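Working notes for the structure below.
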Amino acid sequence: MIEKLSDNVYVETGVRGCNHSFVITTDGVVMIDTPQYPTDSVKWREEIAKFGPVRYIINTEPHPDHCAGNYFFEGTVIAHEGTRQTILANPVQSYLEMLKQTDPPSLSLVQNYSFRPPTITLTDKMTLYLGKHTFQLANFPGHTPFQVPVYVPEEKILFSSDNVTNNVLPYISANALPLAWIESLVKMQNFDAKVLVPGHGNLCDKSYIPQMIALMKLWLKAVADAIEKGMSLEEAQDTIDLRDKYQGSGRSPERMAQTQKMNVKKIYEMLKGG
Ligand SMILES: [Zn+2]
């Protein structure tokens, strides 16, 4: 479902994959992340065409649920340099395999598919001016080292990237930086935002950031306690269960159990100095 946040801002929170958005400026459209599934991209392309050409796409991170859809849109792609490198290193075949398993109707849309990596990159911060809108991009490492939340002051909207997942189990995978993540969340509270578009989950506002910080600390504490008790990684993975802290996931219990095990592994190895 596409939600209209203001006259100029539309957000999708209802499809599989991340929340993706577009901002209509007087000089064309800026997309923030693109759909994971080609079938969704094609629908979105038709929808956006009503408002003007896509001038820029900003990818907030390198995972395919944020950037695999770039292929289906025009416009110059902007993201962190690390996102570019990650996309370039990612075999297209594994994405196509995933589609085969999870979205067979997409296959007819990807016959000549390629990832479309960013051609403008940042490592610290940059500002994009288009029409009457300003897009402030900055690196806030956390969910990956390359997270780039986007703040649009004219709309007072913060697109948080997956550093904030509202009531959705966070994905703390091998290249996450759990401690930097908490620091980034603390800093992200400084944006003068009325609305926060999280990477996953329902729209919220800044009041969810302290909750997200508390939950990230809870993950760290749960794993630290398990280590303190002398548990092996496997024991910690079998014992720690924080699924009830996330009500809005929509993911299957099996998928959540898997994600949870991955999260525990990452934090366990980090705390053990691995
Ligand atoms: Zn991600």
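Numbering that gives the first Met the number 0 puts the first residue of the sequence shown at 0, with every later residue one more than the last.
All C-beta atoms in this analysis are idealised placements derived from N, C-alpha and C, irrespective of residue type, glycine included.
Since this is a predicted model, take the numbers as computed values, not measurements.
If I measure Cβ to Cβ from residue i and keep anything under 8 Å in the same chain, skipping five residues before and after, which residues do I get?
i: residue 210; result: none
i: residue 2; result: 9, 10, 11, 12, 202
i: residue 183; result: 139, 140, 141, 146, 162
i: residue 52; result: 27, 28, 73, 74
i: residue 188; result: 205, 208, 209
i: residue 258; result: 168, 170, 250
Does the Cβ of residue i lie closer than 7 Å to at least one heavy atom of ligand 1?
i: residue 32; result: no
i: residue 142; result: yes
i: residue 191; result: no
i: residue 161; result: yes
i: residue 19; result: no
i: residue 62; result: yes
i: residue 36; result: no
i: residue 170; result: yes
Mapping DSSP to helix, strand and coil, what is residue i?
i: residue 113; result: coil
i: residue 199; result: strand
i: residue 49; result: coil
i: residue 3; result: strand
i: residue 170; result: coil
i: residue 75; result: strand
i: residue 68; result: helix
i: residue 81; result: helix
i: residue 241; result: coil
i: residue 137; result: strand
i: residue 207; result: helix
i: residue 215; result: helix
i: residue 97; result: helix
i: residue 300; result: As displayed, the chain neither begins before 0 nor continues past 273, which places residue 300 out of reach and without an answer.
i: residue 255; result: helix
i: residue 260; result: helix
i: residue 124; result: strand
i: residue 20; result: strand
i: residue 187; result: helix
i: residue 176; result: coil
i: residue 54; result: strand
Are the beta-carbon atoms belonging to residue i and residue j less than 8 Å from one another?
i: residue 159; j: residue 198; result: yes
i: residue 144; j: residue 157; result: no
i: residue 31; j: residue 77; result: no
i: residue 4; j: residue 263; result: no
i: residue 152; j: residue 266; result: no
i: residue 38; j: residue 105; result: yes
i: residue 181; j: residue 216; result: yes
i: residue 61; j: residue 82; result: yes
i: residue 122; j: residue 79; result: yes
Please list, in chain order, all residues of the same chain as residue i whose beta carbon is under 7 Å from its beta carbon, the five residues on each side excluded.
i: residue 87; result: 116
i: residue 50; result: 23, 28
i: residue 223; result: 270
i: residue 293; result: Any question about residue 293 goes unanswered here, given that the chain covers just 0 to 273.
Identify, in the order they occur along the chain, each residue of the same chain with its Cβ nearer than 6 Å to the Cβ of residue i, setting aside the five sequence neighbours on each side.
i: residue 21; result: 9, 28, 30, 47
i: residue 125; result: 136
i: residue 57; result: 31, 77, 149
i: residue 200; result: 164, 165, 166, 167, 247
Worksheet item: For the 8 Å Cβ check, are there 3 or more pairs between the region 125-140 and the region 21-28?
Response: yes
Item to complete: Assess, as a yes-or-no matter, whether the region 105-122 is touched by the region 64-82 under the definition of 3 or more beta carbon pairs within less than 8 Å.
Response: yes
Fill in: Given 8 Å, three or more beta-carbon pairs between the region 234-247 and the region 162-175
yes
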